[in-house]
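Residue numbers (our numbering): 75 to 515.
Glycine residues also receive a C-beta, built at the ideal position from the N, C-alpha and C atoms.
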Ligand SMILES: Cc1cc2nc3c(=O)[nH]c(=O)nc-3n(C[C@H](O)[C@H](O)[C@H](O)COP(=O)(O)OP(=O)(O)OC[C@H]3O[C@@H](n4cnc5c(N)ncnc54)[C@H](O)[C@@H]3O)c2cc1C
């Protein structure tokens with residue numbers, strides 16, 4: 075069974091013109107379209123499959139500041155404040171609650187890394203508290219194990235991946251925008267050296283501004299426009315247990331396994347950072363760019379197979395605008411989960427929290443996590459193509475910071491004061507290869 079997802083209806087007809095077209099209905103695209111529509115712009119969002127059906131419904135749901143890279147921390151903090159407001163603004167609850175995130179460890183070097191992160195958190199005013207052994211044992215009592223320590227980030231939280239993107243998409247409709255599912259954007263038309271329209275499988279929408287929030291598909295799309303966007307993805311596998319477990323922390327990280335309480339009362343289980351690297355043409359092309367990240371994370375990633383090649387989202391091929399593209403062939407990127415990883419994750423979770431042993435596995439799935447070489451997203455206008463704004467490469471953090479990213483995009487489009495300094499996200503840093511250090515987590 076795949077990741078659960080709330081289904082929403084599309085708008086009745088594709089408009090022939092819009093102030094802004096957003097490509098991609100993941101958390102980033104829906105957030106951008108939502109904040110643009112609330113500012114009174116005519117916004118059309120096109121999604122090749124279903125709203126939220128790729129990464130944005132396949133994740134753990136963590137919305138965290140804890141352990142964020144300093145470049146991303148301001149956006150994480152602002153995003154939490156935006157998550158707080160959705161339910162009241164939209165009139166439907168995307169399941170966000172500031173339940174706090176609990177990290178437990180017996181590894182001195184891991185504890186030291188978390189303690190060092192307080193130097194990033196303190197100046198930013200982010201509350202985070204290192205836990206002494208007795209506190210870790212108290213908060214982690216459900217594990218029945220002894221812990222050397224931990225860290226608690228009380229103002230962080232989780233939202234419901236099954237509902238968040240669709241509910242924000244309903245917010246777009248309420249604000250006067252339109253949402254079109256099963257509608258792939260094939261490419262762009264230009265006019266006088268800038269964006270002039272978006273060619274979709276259902277017709278062309280005239281517009282001067284396009285936001286591409288296509289997740290793992292972004293680089294192959296950018297390639298059609300002559301922009302080299304170094305992007306790569308890993309396949310992470312995850313499972314959900316049926317409801318029934320009581321007395322567990324809502325969100326718990328340990329090196330062995332992490333658990334998260336879902337909106338339906340069940341729990342999602344996963345091993346942090348564990349993933350398969352599936353070979354694709356794009357991965358080969360950008361291998362050099364991703365070497366530092368790969369070396370940093372090599373203990374957790376393992377070679378995969380040809381799954382990614384088969385699905386075609388990291389193709390180097392050029393496509394025509396008057397014929398079906400790879401995006402129409404694969405409406406939803408739904409890779410096969412790694413059964414060995416699923417089994418291992420389940421066993422680890424049952425060892426950590428024996429109460430989980432009695433609960434049936436409700437679902438298991440995989441998702442491709444798209445990343446940039448430095449682990450920081452690319453958000454901003456692409457050089458050489460005025461009107462084309464890229465927002466991709468969220469590197470495993472995009473669910474939590476999606477609302478802030480969407481708000482920033484709306485700021486950039488409307489010329490409003492940006493919610494956070496956009497400098498760290500500029501896409502051109504990647505094209506030139508002049509990016510900074512690889513993000514720590
Ligand atoms: C297993 C797993 C666990 C994770 N855990 C967390 C977590 O706990 N916290 C966190 O913050 N992040 C987490 N992430 C990462 C997070 O899910 C992503 O960073 C985030 O969802 C990315 O959102 P997005 O909108 O950029 O992309 P997506 O959600 O992938 O959406 C992109 C959309 O664009 C559409 N699209 C692409 N090309 C086109 C086109 N040409 N025309 C029309 N539509 C197009 C796709 O169909 C897709 O729906 C996790 C990811 C995974 C897979």
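- For residue 183, the secondary structure class from DSSP, reduced to helix, strand or coil, is helix.
- Nearest to residue 165 by alpha-carbon distance, out of 244, 96, 94, 101, is 244.
- Between residue 87 and residue 281, the C-beta gap is not smaller than 7 Å, which leaves the two residues out of contact.
- Distance from residue 185 to residue 203 at the Cβ level is roughly 13 Å; contact not present, criterion being Cβ atoms closer than 8 Å.
- Every unbroken stretch of the beta strand (DSSP E) spanning 3 or more residues and falling wholly within the segment 365–413 is given here in chain order: 375–377.
- Taking the Cβ atoms as the reference, residue 469 lies roughly 6 Å from residue 451, within the contact range of under 8 Å.
- The criterion of a C-beta distance shorter than 7 Å is satisfied by residue 447 and residue 304.
- Relative to ligand 1, residue 341 has its C-beta separated by 6 Å or more from all heavy atoms.
- The beta-bridge partner set that DSSP reports for residue 137 consists of 231.
- With a 10 Å radius around the Cβ and a threshold of 16 neighbouring Cβ atoms, residue 239 comes out buried.
- Contact between the segment 277–297 and the segment 143–153 is absent: fewer than three C-beta pairs spanning the two stretches fall below 8 Å.
- Spatial neighbours of residue 89 in its own chain (CB-CB distance under 8 Å, excluding positions within 5 residues in sequence) are listed in chain order as 116, 118, 252, 279.
- For residue 281, the secondary structure class from DSSP, reduced to helix, strand or coil, is coil.
- Bounds of the beta strand (DSSP E) holding residue 271 are 268–274.
- Residue 198 and residue 394 have their alpha carbons spaced roughly 48 Å apart.
- Secondary structure note for residue 442: its beta strand (DSSP E) is the uninterrupted segment 435–445.
- For residue 488, the enclosing alpha helix (DSSP H) stretches over residues 472–488.
- Per DSSP, reduced to three states, the secondary structure at residue 81 is coil, with no helix or strand assignment.
- For residue 245, the shortest separation between its Cβ and any heavy atom of ligand 1 does not lie below 6 Å.
- Residue 119: not part of any alpha helix (DSSP H); member of the beta strand (DSSP E) spanning 117–120, first to last residue.
- Using a Cβ distance threshold of 7 Å, residue 512 and residue 454 do not count as a contacting pair.
- When secondary structure is reduced to three states using DSSP, residue 343 falls in the strand class.
- Cβ-Cβ distances below 6 Å link residue 213 to 176 in the same chain, with the five nearest sequence neighbours on each side left out; the list follows chain order.
- When Cβ pairs closer than 8 Å are counted between the two stretches, the segment 93–103 is seen to touch the segment 120–136, the count reaching three or more.
- Here the C-alpha atom of residue 329 lies approximately 45 Å from the C-alpha atom of residue 275.
- In the three-state reduction of the DSSP assignment, residue 265 falls in the strand class, which pools E and B.
- The three-state reading of DSSP puts residue 154 in helix, counting H, G and I together.
- Between the alpha carbons of residue 326 and residue 230 lies a gap of roughly 12 Å.
- According to DSSP, residue 253 shares a beta bridge with 119.
- Taking 6 Å as the cut-off, the C-beta of residue 368 does not count as close to any heavy atom of ligand 1.
- Secondary-structure assignment with DSSP links residue 208 through no beta bridge to anything.
- Judged by DSSP in its simplified three-state form, residue 494 adopts coil rather than helix or strand.
- Measuring C-alpha to C-alpha distances from residue 465 to each of 271, 314, 499 identifies 499 as the nearest.
- The nearest non-hydrogen atom of ligand 1 is 6 Å or more from the C-beta of residue 229.
- If only uninterrupted beta strand (DSSP E) runs of at least 3 residues are considered, those enclosed by the segment 86–117 are 94–97.
- Under the DSSP assignment, residue 293 falls in the alpha helix (DSSP H) whose first and last residues are 292–298.
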